[in-house]
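Visitor:
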Amino acid sequence: MRYTNTVGIVSIVICVALLLLWYSGAYNYITLSSLHVYKVTLENYVTAHYGKAVVLYMCVYMVTIALAIPGLPLLTMLGGFLFGFMYGALYAIISATVGSSLSFLVIRYLLSSLIRGKYAQRLETFNEKIASYGIASYLLTLQCIGLIPYFVINTLAALAHVPFITFVWTTFVGSLPIIGIYSFAGRKLYVIESIKEIFSPSMIGLLVLFSVMASIPLLLRFSRRVIDLR
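Take 49 as the starting number for the sequence shown in my numbering and just add one per residue.
#1: Pick out whichever of GLY147, PRO211, ALA140 and LEU207 has its Cα sitting closest to the Cα of LEU126.
#2: Quick one: measure Cβ to Cβ for TYR12 and SER148, integer angstroms, because I've assumed they're closer than 8 Å.
#3: Return yes when the Cβ of THR218 is within less than 9 Å of the Cβ of LEU187, no when it is not.
#4: Starting from SER158 and walking both ways along the alpha helix (DSSP H), at which residues does that stretch end?
#5: What residue range does the alpha helix (DSSP H) around PRO121 cover?
#6: DSSP state of VAL103, grouped into three classes?
#7: Can you tell me which of the three DSSP states GLY147 falls into?
#8: Whole angstroms is fine: what's the gap from ILE201's alpha carbon to VAL108's?
#9: So, are the CB atoms of PHE284 and ALA208 less than 9 Å apart?
#10: What number of angstroms, rounded off, separates the C-alpha of VAL102 from the C-alpha of VAL216?
#11: Can you tell me where the alpha helix (DSSP H) holding ILE201 begins and where it ends?
#12: Between ALA205 and PHE152, how many whole angstroms is the CB-CB distance? I'm expecting something under 8 Å.
#13: Cα separation between ILE196 and TYR105?
#14: Hey, out of ILE155, LEU90 and ASN92, whose CA is closest to ALA114's CA?
#15: Distance, Cα to Cα, PHE220 vs GLY99?
#16: Please state whether DSSP places ILE213 in a helix, a strand or coil.
#17: If you drop the 5 nearest sequence neighbours on each side, which residues of the same chain put their C-beta closer than 8 Å to that of TYR93?
#18: What's the C-alpha gap between PRO211 and ALA184?
#19: Inspect the beta-carbon positions of PHE232 and GLY128 and report whether they are closer than 9 Å.
#20: Using CA coordinates, which residue listed in THR112, THR203 and GLY182 is at the minimum distance from SER143?
#21: Would you mind reading off the limits of the alpha helix (DSSP H) that contains LYS177?
Spelled out as structure tokens, the structure:
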């Protein structure tokens, strides 16, 4: 009964967020050219209706994460542009964590039997990795590197019976580097013409630094395994 109630609540939240997303026409803004065209309008709306803008932005972000909708980098940049680097990153990180958590719960308690076969091979590899390196260390590394979509990580973690609390905090912490970079890039929205321009040498260096820091627990575990084999 408890799981049924959880799934019901999660489903309602996602449906409401989808309605908000459709009603607001927010998809019209999730391209780089559109952000350039509508930047003044968006700024004015945020100034006049800051609270509503934050709620709408977070709802759109959560749905984008939960349903694996393309456009997340631009959406993160939009947050940095509208709310500033710090607040934009904060709203995006919270939204990414909540959206991933909703996806995790729906997959674990509602869709597990339907999609387990599709992810069987990936799930086997995922289980081997978390057994070797530890759940938290491996999830942090995947999130921090930012090369694997949230939906894939959410799905594998849910199917692998990763503890929910561990999943939540590793998603929050592991999302900090890449979201921080895109949010910071949002401050330069006036001059950025393509996504490639975000990754300047300094930005790449920062991402590598964060990735290495997140990988330290995994590297320590690997080193101990090597030592044990000698």
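For each residue, glycine too, the CB sits at the ideal point set by N, CA and C.
Guide: This is what the structure holds:
#1: ALA140
#2: With the chain running from 49 to 278 in the structure shown, residue 12 is simply not present.
#3: yes
#4: Residue identity differs from the one stated: residue 158 is Leu in this sequence, not Ser. Segment: none, LEU158 is in no alpha helix (DSSP H) and carries neither H nor E.
#5: 120-131
#6: helix
#7: helix
#8: 20 Å
#9: Since the first residue shown for the chain is 49 and the last is 278, residue 284 is missing from the structure and cannot be characterised.
#10: 22 Å
#11: 198-207
#12: 6 Å
#13: 23 Å
#14: ILE155
#15: 23 Å
#16: helix
#17: ALA101
#18: 10 Å
#19: yes
#20: THR112
#21: 168-181
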